[in-house]
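Chains as they are written, first to last, in my numbering: chain A, 77 to 241; chain B, -5 to 564; chain C, 3 to 155.
No residue lacks a Cβ here, since even glycine has one placed at the ideal position from N, Cα and C.
A short write-up of the structure that comes next.
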Amino acid sequence: MTGAERPQSELDPDDTNRSSADPDPDEGTALRTDGGMSDAEREQQIDYLDVEINLLRPATPFMRDHQRVILTGFAIWVLTTFGPITATRLAPGLMTQPMPILQFPLHYFLLAVVAPSAALLLSFWYCKKRDQIDEKYGIEQGVPEAETAESVSEDVTAADGGVSE
Amino acid sequence: MNGAALATDAMALPLQSELLPEGLNISFKLLPAILVIGMMVTFLAAGFLYKVADSDDMWVAGRSIGNVENGMAIGANWMSAASYLGMAALIALSGVYGLAFVVGWTTGYFILLIFLAAQMRRFGKYTAPDFVGDRFNSDTARAIAAITTFLIGFVYALGQARGMGLVGLYILGDPGIPGLTGYQAMMIVFMVITVAYLSLSGMLGATKNMVLQYVILIGAFLVGLLVTGWTAGFSTVLPQLEYGALIGELSTEFSAPFAGGSYYLWIATCFSLIFGTCGLPHVLVRFYTVENERVARWSTVWGLFFICLLYLSAPAFAAFGTSLYGSEIGAVYGDPGMSSAAGDVIVVLAAQLAGLPSWFVGIVAAGGIAAAVATTAGLFIAASSAISHDIYATIINEDATQRQQVLVGRLSIIAIGALSIVFALDPQQPVAALVSFAFSLAAIVLFPMFFLGLWWENTNRQGALSGMIVGLIVWFIPMFNEGNFGLINGGAGWGIDAIATWMPAIGSGLIGVPIVFAVTIVVSLLTDEPPEETKMLVRQCHSPDPMDRDVTAAEIVAEKKKDRVTSDDD
Amino acid sequence: MYKRILIPTDGSDVAEAAIEQAVDLAAKYDAELHALYVVDTDAVAYGLGTEQVDRLKQGKFGEMTELREKAESATQFVHDLAEEHGVDVVEHHAGGQPHQVIASHAEDNDIDLIVMGSHGRAGVRRALLGSVTERTLRSTHTPVLVVDYQDVE
């Protein structure tokens, strides 16, 4: 059995009893419940070569966490990038008022100063978040991935040739 | 006012080769000339000190590039004539529309960061055509990507050439060569210097140069801004925030929301620039030289920081320039108003009009030219590598020796240099616009391939090929419509209003990108799925498993497949 | 007389013509054979971009699979042939301008003889493509044996 032959539906994220190390159904063994493994543990058993990559349907805990960060960031970015000019279009009178102290016309300030700075801050935020996620899943950059104490050592997983090393 | 209006501004004067920034002090100035040469030599010297020695050096992982250094390299990459000169130009000439460039050229990096940087690095190929060729299993796709890279380099370089020519007038004056206007002579001189520079810098390796480059260029710009603002009484220590108060005193066109370009044009331009950023070959390539993905991510943050230092300052320079022009030369807006030539050198002009000594103005001018030369050098090398590595050595002649590659590379550079010079003799558009055309091309043809290639495993060869070809056609349509390249109707183009309004060349990405996405997706859905191995490649790019430094996604996939086969007993 | 013989190779047929002679000589003189592959940084710069030259300088050659494999297979060829004749081989990979690297390698390693292949080009082709062999000749004091590559029809 190779992971490549496994039908895609096996990786349906809606399957609550899903464990990515399911044995081949043709062998007749029942779906194994995962007994409440943590995300990090579940992640250890996944071999990414079997995971369908789809931006809108994250298939593993890591991808789910990661894509949540990505899409949140993207949404905020759309607002800070295209928001000011749109607001100016919709309410020019209001938007062109000079700001207190700095005396910038508000729209000018939002466009010229706030939009780029927001992108910078978002980038910083994203990196911080990624570092957090990396920590959660025990990913260390530049060091070969070692088996952590959390990884489940049940014999069942050994039957599947697709456990990630 | 719509996109066509920008073009008509230039087209109203027949054969804009008479580019002459009014008010600019055009004469030979020795010190600034020495400064330019000095800057170029400094850029080279830093690299020269680190020449590759011998075998051991190559295998031993020595010094590696850190976040800040790589960030500065990214920043230096972005310091072209467009950012240094062209942006302030459009902010001055077209008011709020010019801010689309500030927003577009910065915020794009966030998109690059969250969607492309790390995944690209995991894929591990050297160049953009490499990626396209390998991801879509197609030499044709590789060739198209290579040609697109060449085209991008060429169009981008046109903008730089114009900048060189105009600022060159300040530094070296008009040599009075018969048959060539001052602008044309200067442009040729500096383009030739660029090719010389690149022959030397190419082999010396990039990053150390880039850091020094960035420091020198940002230094020239920021000091220029600070002193200009101070001398003219506009600002004290933080001109980037203090210029706000000045805006109220400038003509309304400077800040009136849609005086220089419609809302649609603003959005279209900004969109094109953002996604163009994510599709430029020479931007992505920076991620291959870093340690690991975390460094790739954090370098991008630093890079954006360094870019923002410049981009938050450019509008201030524009404001100062506009004010000074208004009081010293004439009305900025209206008829005749400031010409696009003067606008393109507003940064230098501002320093000059503030009454600063010519050696100081020379520093600012030298910075502008150095920025243009360095950027053009980088572009030409990217273009030459596309031809010599991706088309010649990979497709045409697989047994090419290193000498043959060098020869083809050199010939490509001569070709692109000559093309750029010829077409820059009569550029027809301001610097920032010319560069935007290149961004639109990257956004329309390459970005969809990168994004879909990395995020949707079912994107297949047929989809990619259709997408890229449609993309190229879509990009050419507004270019010919507006008469860029001067090929159609002697520069007037087809002149179809509907296209000029809804798909302006400067912002064709807004329409082009969705079209290419749609074509690629539909064709991919209608045809066979890509081979399983290719899908695994994509999946490997998203795996959180840290990759060892010396592997690519393809190698990991091959290894894992081998593991599986050997662990199967049936 | 010859204790150490250097055979620079770029993996091409031209180089291979010289390798046979080098191995033969090494066998007869009981000499140590040095196989050297030089990554031409000019080619890397024009072909792959300056960032890749940078990587070379940082010692990341190991990561650059295609380049490394070419280098390894070129020197491996020498190794294999030499083994058949009972000759010791030392394999080197280096980066830089080929003629300079070859010359300095010869000096640093007390090389007694350099054996190189040559296209025997003339005229325009020679002007355009140049000759590493010729430049090496002029860069070193070590004796050089030039083996002309006869095109097999």
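Between residue i and the ligand HEM, is there a pair consisting of the residue's CB and a ligand heavy atom that are separated by less than 7 Å?
i	result
GLY17(B)	Summarising the ligand content, the structure contains no ligands, and the ligand HEM is consequently not present.
Could you check whether residue j and residue i sit closer than 8 Å to each other, using their CB atoms as the reference points?
i	j	result
GLY254(B)	GLU243(B)	no
GLN396(B)	ASP82(C)	no
LEU504(B)	ILE146(B)	no
ILE212(B)	LEU304(B)	yes
VAL464(B)	ILE509(B)	yes
ALA335(B)	PRO15(B)	yes
ASP44(C)	GLN78(C)	no
GLN456(B)	VAL517(B)	yes
THR11(C)	TYR39(C)	yes
GLY80(B)	PRO424(B)	yes
CYS302(B)	LEU196(A)	yes
MET180(B)	LEU163(B)	yes
To the nearest angstrom, how far is the alpha carbon of residue i from that of residue j?
i	j	result
ILE357(B)	ALA214(B)	6 Å
SER63(C)	ALA387(B)	The question names Ser, yet the displayed sequence has Phe at residue 63(C). Approximately 20 Å, taken between the alpha carbons.
LEU84(B)	GLY149(A)	30 Å
GLY104(A)	LEU50(C)	Bear in mind that a pLDDT of 38 at GLY104(A), under 50, signals an unreliable position, so the model cannot answer this.
THR164(A)	TRP99(B)	20 Å
ALA4(B)	PRO421(B)	Residue placement at ALA4(B) is poorly supported in this model, since its pLDDT is 39, which falls under 50; the coordinates are not used for a value here.
ALA73(C)	HIS94(C)	9 Å
PHE200(A)	PHE300(B)	13 Å
ALA76(C)	VAL513(B)	44 Å
ALA55(B)	VAL55(C)	With a pLDDT of 49 at ALA55(B), under the threshold of 50, the predicted position of this residue should be treated as unreliable, though the coordinate-derived value follows. Using only the alpha carbons, I get a separation of about 14 Å.
ALA308(B)	TYR78(B)	7 Å
LEU448(B)	MET3(C)	60 Å
MET462(B)	GLU18(C)	42 Å
ARG156(B)	ALA436(B)	21 Å
PHE511(B)	ASP168(B)	48 Å
VAL80(C)	ASN203(B)	38 Å
ILE407(B)	GLY32(B)	24 Å
GLN178(B)	MET185(B)	11 Å
LEU481(B)	ASN475(B)	10 Å
SER321(B)	GLU236(B)	19 Å
PRO83(A)	GLY127(B)	Low confidence applies to PRO83(A): its pLDDT is 38, below 50, so where it sits in the model is not reliable enough to give any reading.
ALA376(B)	ILE500(B)	23 Å
ASP210(A)	PHE444(B)	24 Å
ALA409(B)	PRO498(B)	28 Å
MET473(B)	LEU298(B)	30 Å
ALA97(A)	THR136(A)	Caution is warranted here: a pLDDT of 38 is assigned to ALA97(A), below 50, making its placement in the model unreliable, and the coordinate value is therefore given only provisionally. Between ALA97(A) and THR136(A), the C-alpha separation is close to 12 Å.
LEU219(B)	PRO233(B)	7 Å
VAL189(A)	LEU93(B)	10 Å
Suppose the cutoff is 6 Å on Cβ atoms and the five residues either side in sequence are ignored; what does the same chain contact list for residue i look like?
i	result
TRP296(B)	ASN61, VAL62 and GLY65
PHE570(B)	The structure shown has nothing for residue 570(B), since chain B only spans -5 to 564.
VAL90(B)	PRO251
THR369(B)	SER74 and GLN154
VAL96(B)	TYR305
TYR48(C)	none
VAL429(B)	ALA76, TYR150 and GLY153
Apart from the five residues on each side of it in sequence, which residues of its chain come closer than 7 Å, Cβ to Cβ, to residue i?
i	result
TYR327(B)	SER245 and GLU247
ARG6(C)	ALA33, GLU34, HIS36, ASN111, ASP112, ILE113 and ASP114
VAL148(C)	MET118, SER120 and THR135
Exposed or buried, which one is residue i when buried takes at least 16 other CB atoms within 10 Å?
i	result
GLN173(A)	exposed
LYS119(B)	buried
THR222(B)	buried
TRP353(B)	exposed
ASP15(C)	exposed
THR230(B)	exposed
SER333(B)	buried
Could you tell me how far apart the beta carbons of residue i and residue j are, in whole angstroms, since I believe they sit closer than 8 Å?
i	j	result
PRO275(B)	ALA122(B)	4 Å
ILE68(B)	ARG280(B)	6 Å
GLY362(B)	ALA75(B)	6 Å
MET171(A)	HIS183(A)	4 Å
SER132(B)	LEU459(B)	7 Å
THR271(B)	GLY102(B)	3 Å
CB-CB under 8 Å to residue i, same chain, minus the five flanking residues each way: which ones, in chain order?
i	result
THR142(C)	ILE104, ALA105, ALA108, GLU109 and ILE116
Strictly under 8 Å for the Cβ-Cβ distance: is residue i near chain F by that measure?
i	result
GLY149(A)	Structure shown: chain F not included; protein chains present are A, B and C.
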